[in-house]
Amino acid sequence: MKFIFEVGEIEKHQVEFNYNQLAGRVMIKVDKQIVRNSIRLLNEPAHEVYQFVVGQMIKTEVRIVKWRKQLLGARNCFYVDGRLVDVRVGA
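Its first residue numbered 3, the sequence shown is counted upward by one per residue in our numbering.
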């Protein structure tokens with residue numbers, strides 16, 4: 003599951019969220035720079051929250067909430083400055 007979205011109005015940044023449940027890998031990039039890279043082979047939590055700040059002059063808080071389904075798939079919520087921007091559900 004891969005999603006790309008843009009953050010900011012004046013100072014724009016591209017956030018990329020890549021989640022592979024079979025490989026147990028989560029990778030988050032901001033402007034093509036890796037912010038978070040984790041691999042879990044067993045005991046992947048059902049609920050995870052990733053929070054970080056983007057921007058140099060104008061700080062923007064980004065929060066990604068991932069809920070793993072029982073077998074395959076996940077529901078991901080994307081928040082920017084505390085506001086829900088997008089919800090993606092994948093199988």
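Beta carbons: idealized from backbone N, C-alpha and C, even for Gly.
Coil, strand or helix - residue i by DSSP
i: Leu-86; result: strand
i: Arg-1; result: Here the chain has residues from 3 to 93 only, and residue 1 is not among them.
Where the beta strand (DSSP E) containing residue i begins and where it ends
i: Glu-13; result: From DSSP, Glu-13 is part of no beta strand (DSSP E); its letter is neither H nor E.
i: Ile-60; result: Ile-60 -> no beta strand (DSSP E), and no H or E assigned at all.
i: Glu-50; result: 49–56
Residue i versus residue j: straight-line alpha-carbon distance, rounded
i: Val-82; j: His-15; result: 12 Å
i: Phe-54; j: Leu-24; result: 25 Å
i: Lys-4; j: Lys-71; result: 17 Å
i: Ile-12; j: Gln-58; result: 11 Å
i: Phe-80; j: Arg-27; result: 18 Å
i: Glu-46; j: Val-67; result: 14 Å
Residue environment, residue i, which counts as buried when at least 16 other CB atoms sit within 10 Å
i: Ala-76; result: buried
i: Val-51; result: exposed
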